[in-house]
Every structure is written in structure tokens, then in C-alpha cells.
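Chains as they are written, first to last, in the working numbering: chain A, 3 to 241; chain B, 2 to 255. Note that beta-carbon positions come from the ideal geometry of N, C-alpha and C, so glycine has one too. Working notes for the structure below.
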């Protein structure tokens with residue numbers, strides 16, 4: 003498989019990428035502007051050598067595992083928060099972060115899914131950088147949040163990763179994984195991420211927020227936290 | 002009168018007893034210094050003290066010893082908080098996993114603040130804003146002045162430039178007060194006495210000639226609030242001699 007040196011989109015490249023995304027939203031069906039990836043006008047070399055391949059990923063965590071290996075010992079400052087680099091990677095893997103649909107169209111969603119937002123409230127929504135950030139914290143223990151396809155931010159990532167009190171607490175992520183992750187099938191348990199069903203994800207967020215008023219949840223071990231959950235969560239523990 | 006019930010039994014620490022100062026390093030990574038005064042609250046001496054810094058989805062936690070033996074950690078580097086922004090702080094007093102007392106949403110002083118200010122009403126963030134010079138961010142827990150870090154000399158301009166002060170700060174006062182009174186319809190009779198809205202209203206009331214803000218009563222005409230806000234902006238400009246500063250800056254430049 004051919005390997006490519008990772009680069010960064012420059013300002014002109016970012017503008018062009020945004021224009022392309024806007025075009026897709028208005029129904030255009032043109033191909034991704036892949037020529038920008040290696041054009042010195044719209045992209046530039048990274049100061050570190052990182053080689054990647056154009057390969058298919060089963061899930062976001064699969065991508066994270068791969069890209070972490072590819073980054074190797076690259077200084078953290080070159081990767082973390084480098085919007086130009088992550089935008090380049092989004093364009094490089096565009097067929098996976100924004101796959102072609104059967105009618106020939108693509109649905110890119112908001113720009114921040116492909117170009118990291120300057121607004122930190124949306125920063126974690128970048129499909130690649132957001133996943134990588136969670137992976138950096140939890141590694142393979144982040145499977146509940148990152149088990150979806152590369153173009154799909156699942157409800158667990160959506161609800162947990164945007165709340166600093168939840169995503170930064172390993173005990174909470176551990177308990178959520180125990181409750182809702184189906185290890186045998188490598189996916190969330192059926193119905194766990196949807197609606198306000200008893201003991202499902204949205205109730206979990208509500209209850210954790212309530213417990214957070216009384217307890218210091220960083221001092222509470224997962225077992226005790228599990229015990230503090232009301233009976234409506236019992237059915238998820240048993241599954 | 003609206004009463005607030007406290008079912009959890011945890012106590013609230015006044016923010017005035019908890020001071021934070023954030024310093025920006027040359028590499029963009031910040032560290033902080035904290036001054037915690039926990040005497041007089043009858044907290045158990047063996048209860049643990051934690052300081053948490055957070056911004057957006059980023060978070061860091063620092064153990065500060067116990068109530069009876071406060072120890073500031075050697076390392077207070079905020080390397081997990083995105084550079085350029087101002088984090089908020091939370092202080093927790095914890096015993097056996099339970100929260101005994103807490104203070105949240107503490108706005109730190111930053112290098113860009115006037116060190117003589119006792120209370121930090123408006124932290125300043127230097128971030129990438131594209132082609133925008135400045136903006137007021139009211140989307141988070143408190144107002145933040147965001148300034149474009151990509152403009153050469155902007156940090157110094159924020160601190161000392163009379164033009165920047167004259168053109169930007171009165172508009173900030175207007176936007177913040179409009180947000181408090183018109184968007185949030187805030188009434189200080191029902192809110193936390195030291196939340197940011199209360200601090201801003203007290204700041205405005207302390208300006209020369211400014212009366213109490215119009216009541217929260219929905220029947221109070223919108224116009225009363227508009228007039229009050231404009232009066233506060235005028236008083237701010239009068240107190241800080243904004244017109245004179247702007248003119249003198251122009252004359253210096255000729």
C-alpha cells in the first residue's frame with residue numbers, strides 16, 4: 003500500500019475546503035479537492051515526518067489506534083490543536099468521514115466535523131480530532147464512545163464528550179461502558195443510546211449531574227458509583 | 002420572594018475568599034497561583050481540598066491538601082487546558098467522597114487584567130479570531146473579552162492603548178448589561194449574591210449617578226431598562242474620561 007507524508011492545509015486550503023463543504027450542502031456533487039493535499043499552494047509540509055496510508059477503518063477507535071501509531075513520537079504540540087493538520091487528515095480520508103451516498107451525494111454536516119472549530123464548544127465535534135482526543139485519554143477503554151463508523155459521531159460521544167465533568171472522569175466513563183457496552187458484539191447495547199428510556203444514556207447524564215451536586219465524583223470508585231445509581235439502571239447492569 | 006432550597010447539605014464558599022491568578026508562559030501554556038482562605042467556615046480539618054480548572058470540555062484537578070493543612074502543589078501547569086483561553090476554577094471540600102463545600106465558576110485574574118482590580122469582571126482571552134479584532138463571548142458561564150491573538154502588539158494595546166479602551170470597553174459595558182437585563186431578564190433578588198451578573202450590576206450601580214437597575218417585573222417597560230443601560234454606559238465613559246482619552250490619543254498620533 004502506498005504511504006503518504008502527512009501535511010497541513012494552509013489558509014488558502016482551508017478556505018477552499020470550506021467552499022467545497024458548502025457546495026456539498028447545497029447539492030453539488032463534485033469530487034473532493036484532493037489535489038490540495040499535496041499542492042504547495044494550498045498545503046504545507048509538517049515539520050515532522052509522519053507517513054500514513056489510504057486504508058479503510060472499521061470504526062473511529064480503529065482510526066485512532068492507527069493514527070496514534072503513525073504519530074509515534076511526534077511532539078504533542080504539533081498534533082494537539084493543530085486545525086490545519088486535522089483538516090488535511092479529514093480531506094485525506096474524506097470518503098470515510100463523508101461517504102458517497104447511493105444517489106451520488108454527500109452529507110458533510112457542519113464544517114466543524116471536518117475543519118476543527120475555533121470555538122472550543124465545538125472543538126470535540128471534529129470527527130477525527132475529537133475521537134483522537136478521547137482516545138488519548140482512555141485508549142481502548144473509549145470503545146463505547148468510538149465504536150461507530152468514522153463518519154458517525156454516536157450518541158455516547160455526543161452526550162459525554164461535550165461535558166467536561168463527564169468526559170474527564172475515568173470512573174464515569176468506566177461505569178457508562180459497563181452499563182451500555184456490549185463487549186461480545188463490540189457495540190452499544192441495543193436501545194442504550196436512544197431517548198429517555200429508563201436507565202438509558204440521557205437518564206445516566208441526568209442522574210450523574212444530580213449525584214455531582216452531592217458527591218465529588220472524582221473521589222468515588224466505579225463500584226460505589228454503580229451502587230449509587232437508582233434501580234432503573236439495574237436492567238442495564240444485568241444485560 | 003423566591004427561596005432557594007439546599008437539599009444536599011453542602012455549603013457554599015464565598016468566591017471572595019478564593020483568589021486565582023493565571024500566568025501565560027511564552028509557549029502559550031499557562032500556570033496558576035491560588036490563595037484559599039478557608040478559616041471561619043467550621044470545615045472539618047481532615048476534609049480534602051481540591052482545585053479544578055476547566056474550560057469547555059477540558060479539565061484539570063489539583064489536590065491542595067486538607068482544610069487543616071493546605072498545600073499548594075508544586076506543579077500548577079494547565080497543560081490540558083487549550084492555550085489562549087481563560088479557564089474557570091472550582092474549589093471542592095470533600096470528605097469520604099461527599100462534597101462538604103464548594104465554590105464554582107471562579108474567574109481568575111490574568112496577566113492582561115489590572116492587578117489593582119479586586120474582582121475580575123472581564124477576563125481577556127487571546128485566541129485566533131480570523132479577521133475579527135475582538136468580540137464579547139457571552140456564551141459561557143461569564144463574559145469574556147476575546148481578542149485576536151494574530152494581531153501584532155494586540156496584548157499591549159488591550160492593556161494600554163487609549164483608542165482600544167475608548168472604542169471597545171463602553172460597547173462591552175453596553176452588551177453585557179443588555180445581556181443581563183434584556184436577554185436573561187436577570188433579577189438579583191433571586192440569584193447567587195456573587196454570580197457574575199450580580200457583580201456587573203453592582204459595578205454599574207457604583208458608577209457616578211447610576212440608580213438601582215429597573216425591577217425584573219415583566220410589566221416594567223423595556224424602555225426603562227434601555228434608558229438605564231445607556232445611563233450606565235454614559236456614566237462609565239464619564240468616569241473613565243473616554244472621550245478625552247480618545248481625543249488625546251488622536252492628537253498624540255498626529
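- Message: Run through the DSSP bridge pairs and tell me what residue 34 of chain B is partnered with.
- Response: B:22
- Query: In the DSSP assignment, what residue or residues form a beta bridge with residue 190 of chain A?
  - Reply: A:183
- Message: Comparing C-alpha positions only, which one of A:51, A:16, A:56 sits nearest to residue 44 of chain A?
- Response: A:16
- Message: Taking the beta carbon of residue 154 of chain A as the centre, do at least 16 other beta carbons fall within 10 Å, making it buried, or is it exposed?
- Response: exposed
- Task: Would you please state the rounded distance, in angstroms, between the beta carbons of residue 152 of chain A and residue 90 of chain A? I believe it to be under 8 Å.
- Result: Not quite, the Cβ-Cβ distance comes to about 16 Å (not below 8 Å), so this is no contact.
- Identify every residue that forms a DSSP beta bridge with residue 53 of chain A. A:7
- Query: Taking the C-alpha atoms as reference points, what is the distance between residue 134 of chain A and residue 66 of chain A?
  - Reply: 5 Å
- Task: Look up residue 116 of chain B in the DSSP assignment and say whether it is helix, strand or coil.
- Result: For residue 116 of chain B, the pLDDT reaches just 47, beneath the cut-off of 50, and the residue's location in the model is therefore unreliable, leaving the point undetermined.
- In the DSSP assignment, what residue or residues form a beta bridge with residue 135 of chain B? B:148
- Message: Buried or exposed, going by whether 16 or more other CB atoms sit within 10 Å of the CB of residue 290 of chain B?
- Response: Not covered by the structure: residue 290 of chain B. The range shown for chain B is 2 to 255.
- Query: Going along chain A, which residues have a C-beta under 9 Å from residue 173 of chain B?
  - Reply: Within 9 Å Cβ-Cβ: nothing; residue 173 of chain B doesn't reach chain A, min ~19 Å.
- Query: Per DSSP, residue 40 of chain A forms a beta bridge with which residues?
  - Reply: For residue 40 of chain A, which the question treats as bridged, DSSP gives no partner whatsoever.
- Message: Between residue 221 of chain A and chain B, is any beta-carbon pair separated by less than 8 Å?
- Response: yes
- Task: Entirely within the region 132-182 of chain A and at least 3 residues each: give me those beta strand (DSSP E) ranges in chain order.
- Result: none
- Task: Indicate whether the contact test is met: 3 or more Cβ pairs, each with one atom in the region 58-72 of chain B and one in the region 7-21 of chain B, closer than 8 Å.
- Result: no
- Reduced DSSP category for residue 59 of chain A - H, G, I as helix; E, B as strand; rest coil: coil
- Task: Check whether the Cβ of residue 122 of chain A lies closer than 8 Å to any Cβ atom in chain B.
- Result: yes
- Message: Based on DSSP bridge pairs, tell me the residues matched to residue 13 of chain B.
- Response: B:103
- Item | Contacting residues, own chain, Cβ-Cβ under 8 Å from residue 209 of chain B (five flanking each side not counted) | 236, 239, 240
- Partners in chain B for residue 116 of chain A, counting only beta-carbon separations shorter than 8 Å: Neighbours of residue 116 of chain A on chain B: none; closest Cβ ~17 Å, over 8 Å.
- Task: Helix, strand or coil for residue 1 of chain B, going by three-state DSSP, please let me know.
- Result: This structure does not reach residue 1 of chain B, given that chain B is present from 2 up to 255, and the question cannot be answered.
- In chain B, which residues lie with their C-beta within 7 Å of the C-beta of residue 166 of chain A? 55, 57, 58, 59, 60
- Using a Cβ cut-off of 7 Å, which residues of the region 71-88 of chain A contact any Cβ in chain B, in chain order? 83
- Query: Quick one: is residue 190 of chain A buried, meaning 16 or more other Cβ sit within 10 Å of its Cβ, or exposed?
  - Reply: buried
- Query: Under the rule that 16 or more other beta-carbon atoms within 10 Å means buried, what is residue 245 of chain B, buried or exposed?
  - Reply: exposed
- Item | Span of the alpha helix (DSSP H) around residue 204 of chain A | 203-216
- Message: For residue 93 of chain B, list the residues DSSP reports as bridge partners.
- Response: B:51, B:103
- In the region 99-114 of chain B, which residues sit with their C-beta less than 8 Å from some C-beta in chain A, listed in chain order? 99, 100
- Within 8 Å (strictly less), CB to CB, does residue 32 of chain B reach chain A? no
- Comparing the C-beta of residue 40 of chain A with each C-beta of chain B, is any distance below 8 Å? no
- Within 8 Å of chain A by C-beta, residues of the region 119-130 of chain B in sequence order: 128, 129, 130
- Task: Report buried or exposed for residue 167 of chain B, applying the criterion of at least 16 other Cβ atoms within 10 angstroms of its Cβ.
- Result: buried
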